[in-house]
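A short worksheet on the structure shown next.
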């Protein structure tokens, strides 16, 4: 990747939550740089602060220490869109209206054309007038992906969006996401528990420590694109990079488990 421009820069980022029983340090000393157009995955043990970090970058939480800089290169576009693990589409709207929602709110042009393009990209053309209760879980997440890309943000933040799906649907959606990302080259920060998913999707895999979470290591996924969710597993180097990620992650998973058992 040439002419890299840093889009997300975190320095010594910290988040502390307060409650009547005391304070909890969720993340500490997080140093992170994500460049414009990169696809980065964050992998870490449960409860390490991955979602907290993503919510801070999205502007949904305030950090309590350190610095965060996010560059908005094209002011004509929204800065970011977020896709959650739980389906977040509106149940009273059709697929078409859900995908169009962000575009209508900001008065975009060519709404019908853009909506049709992304509905087609995620394979929901025949369901565009259906309501969410008529769709499977995988189809609902397709709507979320189409809506996010249709809104044309500079940064796409994804919090384990495929975690609840079966293996087949997860693989299909990974490939659909990659196809759209290859065309748009959005800056993507993607949270996952899955080493396989991180290797399939990302340019870089960032491993977080047990709570309080920080970035333990930053591993480059040096595997040619385009990639297929299953095809990539037969490539030379796949096992090596997967083992490297697990080698960094294993001790953190054990540390998180011990902390949970001590509660």
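In the numbering used here, the protein residues as written are 1479 to 1741. Where is the CB? At the ideal position from N, CA and C, for every residue including glycine. The model shown is predicted, which means the values in this text are computed figures rather than measured ones.
Beta-carbon gap between residue i and residue j smaller than 7 Å
i            : j            : result
residue 1489 : residue 1509 : yes
residue 1626 : residue 1634 : yes
residue 1561 : residue 1622 : yes
residue 1716 : residue 1723 : no
residue 1501 : residue 1494 : yes
residue 1505 : residue 1684 : no
residue 1624 : residue 1595 : no
residue 1670 : residue 1609 : no
residue 1730 : residue 1676 : no
residue 1734 : residue 1498 : no
residue 1578 : residue 1558 : no
residue 1526 : residue 1738 : no
residue 1612 : residue 1574 : no
Closest residue to residue i among the options (Cα-Cα distance)
i            : options                : result
residue 1554 : 1581, 1531, 1502       : 1581
residue 1590 : 1570, 1628, 1669, 1697 : 1628
residue 1517 : 1698, 1588, 1502, 1646 : 1698
residue 1576 : 1619, 1638, 1526       : 1619
residue 1511 : 1524, 1536, 1696       : 1696
residue 1646 : 1706, 1732, 1661, 1603 : 1706
residue 1704 : 1548, 1527, 1660       : 1660
residue 1507 : 1740, 1690, 1729       : 1690
residue 1599 : 1496, 1740, 1558, 1656 : 1656
residue 1726 : 1615, 1739, 1693, 1740 : 1693
residue 1601 : 1653, 1681, 1630, 1719 : 1653
residue 1542 : 1663, 1515, 1678, 1503 : 1503
residue 1544 : 1487, 1526, 1616, 1593 : 1487
residue 1556 : 1631, 1584, 1658       : 1631
residue 1515 : 1614, 1617, 1612, 1682 : 1682
residue 1615 : 1606, 1549, 1718, 1566 : 1566
residue 1680 : 1552, 1569, 1643, 1719 : 1719
residue 1644 : 1740, 1617, 1721, 1667 : 1617
residue 1540 : 1552, 1740, 1496, 1569 : 1496
Residues near residue i in its chain [Cβ-Cβ closer than 6 Å; skip 5 each side]
i            : result
residue 1640 : 1648, 1651
residue 1736 : none
residue 1637 : 1529, 1532, 1562, 1563, 1669
residue 1468 : Because the chain spans 1479 through 1741 in this model, residue 1468 falls outside it and cannot be assessed.
residue 1583 : none
residue 1586 : none
Residues near residue i by beta carbon distance below 7 Å, same chain, minus five either side
i            : result
residue 1713 : 1701
residue 1678 : 1652, 1705, 1707, 1710
residue 1642 : 1563, 1615
residue 1550 : 1557, 1632
residue 1603 : 1597
Bridge partner(s) assigned by DSSP for residue i
i            : result
residue 1695 : 1685
residue 1637 : 1669
residue 1489 : 1545
residue 1577 : The partner list for residue 1577 (beta bridge, DSSP) is empty, contrary to what the question assumes.
residue 1518 : 1667, 1682
residue 1508 : 1491
residue 1503 : 1494
residue 1513 : 1484
residue 1714 : Answer is none; residue 1714 lacks a bridge partner.
residue 1560 : 1635
Chain-order list of residues whose beta-carbon lies under 8 Å from that of residue i (same chain, five-residue window excluded)
i            : result
residue 1513 : 1479, 1482, 1483, 1484, 1485, 1665
residue 1732 : none
residue 1538 : 1560
Closer than 7 Å to chain B by CB, residue i
i            : result
residue 1595 : Absent from the structure: chain B. Only one protein chain is present.
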